[in-house]
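Numbering (my numbering), first residue to last: 8 to 321.
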């Protein structure tokens, strides 16, 4: 007789985060939650011995090793496709799960059929609350971001709304977009709305997925009673071209949800930001050689941001 299907499939994507991944897996091993679960680690061609560590120390985890770094979206999609649980927990390798949190996350979806996903309450390493939920970006957000209007007008309503600065993250509530660091999604929801958009290689893929979940009629909740420690950005900060990738993925997101005019608007904002940066470099760098090198690097970044646009003919 075959074993019953797990209620929870945990998918951990890792890229060169060996020590953090070990702590994450140790935290899962120690929790005493009663939910029936399976654990899958997807290694995105790490070069730091991550996959060897998982094989040697965590036999309870199934390991998939990609031949190359497939990025966040495709890497997680590979993991989701290899699991069978009724609920899929997307868990970053730079997290540590607290005792009871898995039961509470699964229990929330079990008792709230209108909700398609629920995010864990994130904490910093010192136990303080980590503000992390956001509302979906509007066309005004690139304007305020790229023109640095948030610094010039700190109390502006546009970025206050976007970053949910009216929410202290100390009480549970429905949100547009909880962070993808620890996000539990019903499999039936993924089957209806689809998994991550792989064009959004590293960034904005969780924003896009949450937007599709909300558009399909499901609610999304942020559950502070299910705490998880999150060491922010420990994987993405190692990615050398993350600035280029962030702009590329943002551009793709706005094209997808706001059409060609939305993409054109974001391209204008990127060019404005680059123009401002050129002015700053010419003003602040007195050494001619250093200034020219910095300007060449900036031009290369801008060229790389728009290179995919040219290939797609947008």
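Virtual Cβ for every residue (Gly too), placed ideally from N, Cα, C.
Boundaries cannot be given for residue 93, as no beta strand (DSSP E) includes it and DSSP labels it neither H nor E.
Under the DSSP definition of a beta bridge, residue 102 partners with 237. Less than 8 Å divides the Cβ of residue 312 from the Cβ of residue 254. According to the DSSP secondary-structure assignment, residue 184 is paired through a beta bridge with 141. DSSP lists 49, 99 as the beta-bridge partner residues of residue 20. By the neighbour-count criterion, in which 16 or more other beta carbons inside 10 Å mark a residue as buried, residue 25 falls on the buried side. In this structure residue 185 touches residue 140 by the C-beta definition: roughly 5 Å separates them, less than 8 Å. It is roughly 17 Å from the alpha-carbon of residue 50 to the alpha-carbon of residue 35.
Taking C-alpha positions only, residue 156 is separated from residue 107 by approximately 42 Å. From the listed residues 261, 286, 284, 283, the smallest Cα separation to residue 274 is found for 261. Within the same chain, Cβ atoms closer than 6 Å to the Cβ of residue 19 are found at 48, 98, 100, the five residues on either side in sequence being excluded. In the three-state scheme derived from DSSP, where H, G and I count as helix and E and B as strand, residue 207 is classed as coil. With a contact defined as Cβ atoms closer than 8 Å, residue 216 and residue 123 miss out at about 10 Å.
For residue 38, there is no enclosing alpha helix (DSSP H), since its DSSP letter is neither H nor E. Around the C-beta of residue 178, fewer than 16 other C-beta atoms lie within 10 Å, and the residue is accordingly described as exposed.
Under the criterion of beta carbons closer than 8 Å, residue 268 and residue 288 do not qualify as touching, at roughly 31 Å. With contact defined as three or more Cβ pairs closer than 8 Å, the region 113-122 and the region 67-87 are not in contact.
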